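Student: I'd like to ask some things about the structure below.
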Amino acid sequence: MAEKISFEYREGDDVVIVTISGAASGSEFRNPLMASCNLLREKLGASYIIDIPEGFTVNEEDAEWIDDHFIPLVKRSCAGRIILILPEDDDRRGKCEERFGNSIGFFFASDYGNAVKVLSDTDIKEEEAAAPKIAGKTKNQWRDHFSYVWFKYSIFPIAIAIIVLLCLSIFGKSKNDVIVYSFGFFELDNTYMEEALKNEGFSVPYFPAAVVVMPNQEGKKPTGYDQESASAYFMTVPDVVVSDGVTYSYYYSSFGVYPESYEKIMSGLNEETKKHVEPVYMSAADAEEAIRRFNAWSGKGDPDIEAADKTNDDTTKFIIGLRLNDTEACKKLGYRTGWEKSDSRLIFSMYSKCTDREKSEKAIITLLNSAY
């Protein structure tokens with residue numbers, strides 16, 4: 205029996221395309237869309253096309269799911285354009301415009317050929333290229349970034365302060381050739397790691413860090429703008445991200461899904477290091493559960509929502525990093541945990557938008573091997 209919703213990556217056009225060929229609702233509708241976003245995250249920089257057939261509609265529950273879950277996920281996952289294939293005179297365009305209209309690079313197309321033409325439209329590219337940029341992004345791109353990081357918190361005041369600090373830190377010294385960003389409930393002395401990276405040829409490593417308190421059983425509370433601060437530091441576009449066992453699951457979209465890179469990293473570790481390192485896997489369902497857990501802990505969730513009300517059943521797990529199981533080795537690298545009983549082991553990952561995978565791989569290999 206043919207699937208009513210299918211998706212694939214078309215390498216020649218660098219797009220992930222979702223094709224809807226029949227009526228679907230509930231998990232039959234939601235699961236393939238969520239899975240397509242996982243593929244979109246893997247194909248960093250790809251555009252996203254949804255081919256919607258004539259007469260296709262969604263019920264009220266699925267429409268609410270689209271607004272609350274799917275569209276924010278698409279915006280976090282897509283680094284290219286978002287294109288919906290609908291006829292020019294289709295009344296559904298109005299509703300889609302309401303939902304997707306504030307997305308960066310959102311367009312309509314009448315068919316796939318027209319969608320590909322939009323992707324190659326030099327006028328659009330020139331218009332985007334001409335827009336003034338701040339730290340590599342246009343004003344609209346920063347707006348989209350902040351609107352969908354950490355559940356629409358009021359991030360702007362703290363972000364402005366951190367941007368100033370980042371400018372002073374980054375532009376006040378020579379250009380950083382590797383950035384290792386650490387976020388979790390710990391303090392960091394980067395002296396040891398800096399020396400290790402310099403010994404491997406990195407001239408000016410940079411180690412931004414943010415203290416973050418996430419849901420825990422120890423009664424630890426955030427200090428105010430923990431999550432906003434942590435999210436703002438991703439503007440440095442790090443090569444490596446490091447988190448702890450309590451914190452990492454709440455930042456699923458920040459970890460690069462690069463299985464071949466993690467294989468290279470594992471093969472580059474010395475035998476002693478390999479004894480203490482293991483891969484870490486997560487699924488979209490795990491990420492959604494983490495969001496629900498955070499909302500309940502922070503008072504933003506609905507206490508009447510039961511586990512059975514999950515909207516995402518996609519349990520396909522992807523490797524998102526490598527866990528260093530030796531807490532003494534974590535201390536050697538300069539991390540002093542604030543947890544007393546919780547999981548303080550470190551997870552080393554490649555940032556989902558890292559610009560040079562080989563550099564990220566080399567940096568992680570260097571840091572992990574330096575612990576032994």
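With positions in the sequence shown counted from 1, the corresponding number in the working numbering is that position plus 204.
Note that CB positions come from ideal geometry on N, CA and C, so glycine has one too.
A quick note: this is a predicted structure, and the numbers were derived from the prediction, not measured.
(1) Using the three-state DSSP reduction, which class does Leu248 fall into: helix, strand or coil?
(2) Determine whether the beta carbon atoms of Val219 and Ala267 lie at a separation below 8 Å.
(3) Could you check the C-alpha separation between Val445 and Ser458 for me, to the nearest Å?
(4) The alpha helix (DSSP H) that contains Thr570, what's its start and end?
(5) Taking Val450 as part of the beta strand (DSSP E), name the residues at either end of that continuous run.
(6) Please determine, among Tyr213, Tyr316 and Trp543, the residue with the shortest C-alpha to C-alpha distance to Val415.
(7) Using the rule of at least 16 other Cβ atoms within 10 Å of the residue's Cβ for burial, across every protein chain shown, is Gln421 buried or exposed?
(8) In whole angstroms, what is the alpha-carbon distance linking Asp449 and Trp269?
(9) Is the beta carbon of Ile289 sitting closer than 8 Å to the one on Ile253?
(10) Could you pull out every residue in the same chain whose Cβ sits closer than 7 Å to the Cβ of Ser240, ignoring the five residues on either side in sequence?
(11) Do Lys521 and Ser546 have their CB atoms nearer than 8 Å?
(12) What is the residue span of the alpha helix (DSSP H) that Glu265 lies within?
(13) Report back the beta-carbon spacing between Val408 and Asp381 to the nearest angstrom; my notes put them in contact at under 8 Å.
(14) Sorted by chain position, which residues of the same chain lie with C-beta nearer than 8 Å to Val481's C-beta, five sequence neighbours on each side aside?
(15) Suppose the cutoff is 6 Å on Cβ atoms and the five residues either side in sequence are ignored; what does the same chain contact list for Ala153 look like?
(16) At which residue ranges does the stretch 514–547 contain complete beta strand (DSSP E) runs of 3 or more residues, listed in the order of the chain?
(17) Count the other CB atoms, across all protein chains shown, that sit within 10 Å of the CB of Pro412; report buried if there are 16 or more and exposed otherwise.
(18) Using 8 Å for Cβ pairs, my map puts Ile256 next to Phe233. What's the rounded Cβ distance?
(19) For Ser433, which of Gly423, Val417 and Arg540 has the nearest alpha-carbon?
(20) Under three-state DSSP, which class holds Ile256?
(21) In the structure shown, what three-state DSSP assignment does Leu288 receive?
(22) Rounded to whole angstroms, what is the Cα-Cα separation between Ile275 and Gln431?
(23) For a quick check, are the C-beta atoms of Ile523 and Val441 less than 8 Å apart?
Tutor: For this structure:
(1) coil
(2) no
(3) 9 Å
(4) Arg561 to Ser574
(5) Run containing Val450: none; DSSP gives neither H nor E here.
(6) Trp543
(7) exposed
(8) It is Gly, not Asp, that sits at residue 449 in the sequence shown. So the two alpha carbons sit approximately 29 Å from each other.
(9) yes
(10) Phe211, Val220 and Val222
(11) no
(12) Glu264 to Trp269
(13) 5 Å
(14) Met470, Leu473, Leu526, Arg527, Leu528, Asn529 and Leu572
(15) In the structure displayed, the chain extends from 205 to 576; residue 153 sits before or after that span and is not available.
(16) 521–528 and 539–541
(17) buried
(18) Contact flag wrong, Cβ pair sits at about 12 Å.
(19) Val417
(20) coil
(21) strand
(22) 21 Å
(23) no
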